[in-house]
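Residue numbers (the working numbering): 330 to 730.
Below is the structure:
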């Protein structure tokens, strides 16, 4: 009975997949199991999000053991492949093959992280996430330079982050990276090498409502980021006058908001595929929750940010998050780069246009053929990051490209 219920929930980008629901809750049906498996393998074969870095053969092996849409079965299948890499890493390190062991740990982290994707809404996914964090910590300890695990007291809880600084640069300029709806701060640490080699440090946090963040997303949840900026100001190794905030997808919202509210403490911000106003409106959500651009379980992932228990509750909550409704978009901001694709079906391109034509002058990069985050076959995620985002950040920090 419980398995059937979980299967019904996973199958529901919409509540309607589980039976009768109010008309207001009707959205497009999700992928069937066969469609989901086919699309997952296709994305792995072309190294596309959210399977970037996973080996197609490993994906094929995991999918072969998934027979239904039960969330725990999903987590178990990917975790089983991850466990093989964990064992290989231990054996390789024992034999002195340290580079090989690191690569195996990296693959184990990626697989455990995908086992809990897009959100930890079942016991199996919660267990997979715990293993992902542990394996990543083992991987991180052996990076050069190794990131530091940081815990900042916050309202009786903790802000958990990773601080990674380049060698020989003190105080170091910094990119303050915020994870997205379904990524985690560890993903940003993994991608930090592009900054480290430019002499730029990174500080990586989970956004509200995800990962190890201490609070849900709400109209004032940016206060956790303000507290993190306070903390960075106490670290002499960090150049507190040269901090850039980078947000992608949902976390682009927090980057934009910080660019306005914390403009005196930030050198610049990157808003890539970020929601601003239209995204939060019920009419957009009813359309976007059925997008095939997202792999699966979009509604549960989005609802978990607020802790919304139903689609109607979720739709009612969203509008107050709008930066326009909050009276912020016309205010001055730190220098801002706006990035997205004209064909984004998850966040309306109109949100980028609204931000671009409001408040302080801004820069924008729009891919006419791009989907969410600007990605397309000609402009995959990595190319946008390496050719557009990272060079822009370096210039803002006075480091050329």
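Glycine included, C-beta positions come from ideal geometry on N, C-alpha and C.
Could you tell me the distance, in whole angstroms, from the CA atom of residue i to the CA atom of residue j?
i, j, result
"residue 560", "residue 463", "25 Å"
"residue 611", "residue 663", "30 Å"
"residue 661", "residue 591", "10 Å"
"residue 721", "residue 516", "20 Å"
"residue 376", "residue 364", "18 Å"
"residue 607", "residue 412", "42 Å"
"residue 318", "residue 368", "Limits of the chain in this structure are 330 at one end and 730 at the other, which puts residue 318 out of reach."
"residue 537", "residue 417", "35 Å"
"residue 358", "residue 390", "27 Å"
"residue 652", "residue 550", "13 Å"
"residue 386", "residue 370", "9 Å"
"residue 393", "residue 457", "19 Å"
"residue 695", "residue 704", "10 Å"
"residue 712", "residue 580", "20 Å"
"residue 410", "residue 442", "12 Å"
"residue 437", "residue 427", "15 Å"
"residue 432", "residue 469", "12 Å"
In the DSSP output, what is residue i paired with across the bridge?
i, result
"residue 480", "489"
"residue 670", "696"
"residue 506", "533, 575"
"residue 501", "567"
"residue 597", "573"
"residue 665", "598"
Taking the continuous alpha helix (DSSP H) assigned at residue i, which residues delimit it?
i, result
"residue 416", "400-423"
"residue 366", "362-374"
"residue 518", "514-519"
"residue 464", "452-470"
"residue 437", "427-444"
"residue 633", "627-635"
"residue 560", "552-561"
"residue 584", "580-590"
"residue 613", "611-617"
Within its chain, find whatever has a CB closer than 6 Å to the CB of residue i; leave out the 5 residues flanking it on each side and keep chain order.
i, result
"residue 594", "558"
"residue 588", "598, 662, 663, 665"
"residue 380", "372, 373"
"residue 523", "719"
Which same chain residues, not among the five before or five after residue i, have their C-beta less than 7 Å away from its C-beta?
i, result
"residue 614", "644, 647"
"residue 577", "509, 601, 602, 702"
"residue 637", "643, 646"
With distances taken from CA atoms, which of the options is nearest residue i?
i, options, result
"residue 689", "703, 657, 698", "657"
"residue 487", "465, 540, 470", "540"
"residue 552", "529, 619, 586", "586"
"residue 584", "544, 485, 667", "667"
"residue 493", "359, 514, 483, 384", "514"
"residue 674", "654, 695, 618", "618"
"residue 461", "582, 445, 421, 635", "445"
"residue 498", "699, 571, 604, 649", "571"
I'd like the span of the beta strand (DSSP E) that includes residue i, first residue to last.
i, result
"residue 388", "Per DSSP, residue 388 belongs to no beta strand (DSSP E); it is in the alpha helix (DSSP H), 385-393."
Sorted by chain position, which residues of the same chain lie with C-beta nearer than 8 Å to residue i's C-beta, five sequence neighbours on each side aside?
i, result
"residue 718", "575, 599, 601, 666, 668"
"residue 691", "662, 664, 665, 666, 667, 684, 685"
"residue 501", "494, 495, 528, 529, 530, 566, 567, 568"
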